[in-house]
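Read the structure below first, then the notes.
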Amino acid sequence: MIFPGKMEQIKKPDCKHHPYNELSIHCPKHNYMVCSICTREGHKTCFENETLRRSQNGNSTVQNILTKAKDLLEHKIDSLLTLEEWKITTKQEIECLRKSINAHLDQIQSRTEETMDNVYKQEKQMNRKRLLDIEEIKTRGSLLEAKKSGMNEDDECLDEMKDCLDRLGLEGYKRRPTVSKDMKAILQFVENVSSGTINLNLDMIIGSLTKSEDSVEENEHRRSIDFGCDFAEN
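The working numbering puts the first residue of the sequence shown at 115, with every later residue one more than the last.
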């Protein structure tokens, strides 16, 4: 049995070519042990070739590292350029979307204001006609009161005046102007966005803007806004 402390006492074998010289060196080319004299005389090139091979392997490893580093750097540069292009493109798309939304809202506002103006004009003309009718009734009533006669034609005139007043009053309550159907949807949408009830969905907005005007009017369900008051002449 060989103990660890006795390893240094084990004698290495001697070289068969050079007696009394221990086989202490390993030849990397021939893969066996040689002595120092064999190393100088017959195995010198073996060690030189091994040194050159290791140097070449080291150079190859360094070259691989440099190549990988270069490829990684180029990839990162390309990524930054792509990111910059994406940022510019996204800003342009947002700007175009904003312009489209503004143009769409301007059209709705213009149509709504035009409808309101038309309703106002119609109601104003109708109220003027009602005022003229009422003035005429008042005039005829004053004339009848001045006559104070009991003729049948006066009774018929009074009945006609009452019917006219009743008709004017009934028309005043029945006739309620309406504005553009777009207005209620837009006002409700703006109110919901302002209060945080809903969030803006860009895909929904983009989709709605790409539809034709006729398609939008056919598919959207909107309701009219009824005004509970009549327009009157100031």
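The beta-carbon is built from N, C-alpha and C at its ideal position, and this holds for glycine as well.
Asked	Found
Distance, Q239 Cα to L245 Cα	10 Å
Rounded separation between Q206 and T196 - CA only	15 Å
Minimum C-alpha distance to K143 - residue among N135, T153 and Y134	T153
For C141, the residue or residues it bridges with in DSSP	Y146
Status (buried if at least 16 other CB within 10 Å, exposed otherwise) for T204	exposed
Buried/exposed call for T181, threshold 16 Cβ in 10 Å	exposed
Where V148 falls, given that 16 or more other Cβ within 10 Å makes a residue buried	buried
Test item: CB-CB of C408 and C160 under 7 Å	Summary: the structure shown does not reach residue 408, with the chain confined to residues 115 through 348, and so no result is reported for it.
Cβ of R244 within 7 Å of any chain C Cβ	Within the model displayed, chain C is absent; a lone protein chain is all it includes.
Inter-residue Cα distance where the pair is V176 and A183	10 Å
Buried/exposed call for T226, threshold 16 Cβ in 10 Å	buried
Distance, I179 Cα to L187 Cα	12 Å
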